[in-house]
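Numbering (UniProt numbering), first residue to last: 1 to 203.
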């Protein structure tokens, strides 16, 4: 019998992808012994508007560039090529067909895991893969622990968490810096900076 490969799933608008995303993915990959992390730039997510007049193709390419140096990172266009609204539960269904020998670990932020009951088909979603909530030092762990315990009891599913390095970066702040011409060096990979400059994005 073939061994299941452990794949982390990291969805996001990645608008643009930054060092914080990469550090989170690598820390969780190592912490949970994942074989690889699959980055999934969102198409039309139900919970977030895409800002900055940047196409899904641009966000996909920037994610490819940012992850290219890590052999354990891959990027999927499963959502950016989908027509209509993208829901995580549908994405995981499709990925199970593509990777029948995989065990999936969905990586998300602590705030998002506490709001998971606002996502489409919560029970089916929690049944479909394991969930990992990433936290940073200073996060209210009592609130997270209480929220996770309630979800675990209600849906009979285990949800893991891991504290990661405190990198205080956000795509929103990076877009603002780019708009006014401030440097973003060391906040996002040089390959992504070069692409942004070449395409004149976020200006």
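Using N, Cα and C, we set each Cβ at its ideal position, and we do this for glycine too. Keep in mind it's a predicted model, so treat the numbers as computed, not measured.
Quick check for students: name the residue ranges of the beta strand (DSSP E) that lie wholly in the stretch 2 to 80, counting only runs of 3 or more. 5 to 12, 36 to 41 and 73 to 75
So, is residue 202 buried or exposed, given that buried needs 16 or more other C-beta atoms within 10 angstroms? buried
Residue of 65, 197, 4 and 200 minimising C-alpha distance to residue 99: The shortest C-alpha separation from residue 99 is found at 4.
In the DSSP assignment, the alpha helix (DSSP H) including residue 130 goes from what residue to what residue? Per DSSP, residue 130 belongs to no alpha helix (DSSP H); it is in the beta strand (DSSP E), 130 to 135.
Given residue 132 as reference, the closest of 159, 118, 12 and 13 once Cα atoms are compared: 159
Does the Cβ of residue 98 lie closer than 8 Å to at least one heavy atom of the ligand MN? Among the ligands in the structure shown, none appear at all, so the ligand MN cannot be discussed.
Which word fits residue 186, buried or exposed, when buried means at least 16 other C-beta atoms lie within 10 angstroms of its C-beta? Classified as exposed, residue 186 has fewer than 16 neighbouring CB atoms from the shown chains inside 10 Å of its CB.
Rounded C-alpha distance that separates residue 72 from residue 26: Distance between the alpha carbons of residue 72 and residue 26: 9 Å.
Are the Cβ atoms of residue 75 and residue 39 separated by less than 9 Å? Yes, the Cβ-Cβ distance between residue 75 and residue 39 is below 9 Å.
My understanding is that residue 24 touches residue 164, with C-beta atoms under 8 Å, so please give their C-beta distance in whole angstroms. 5 Å
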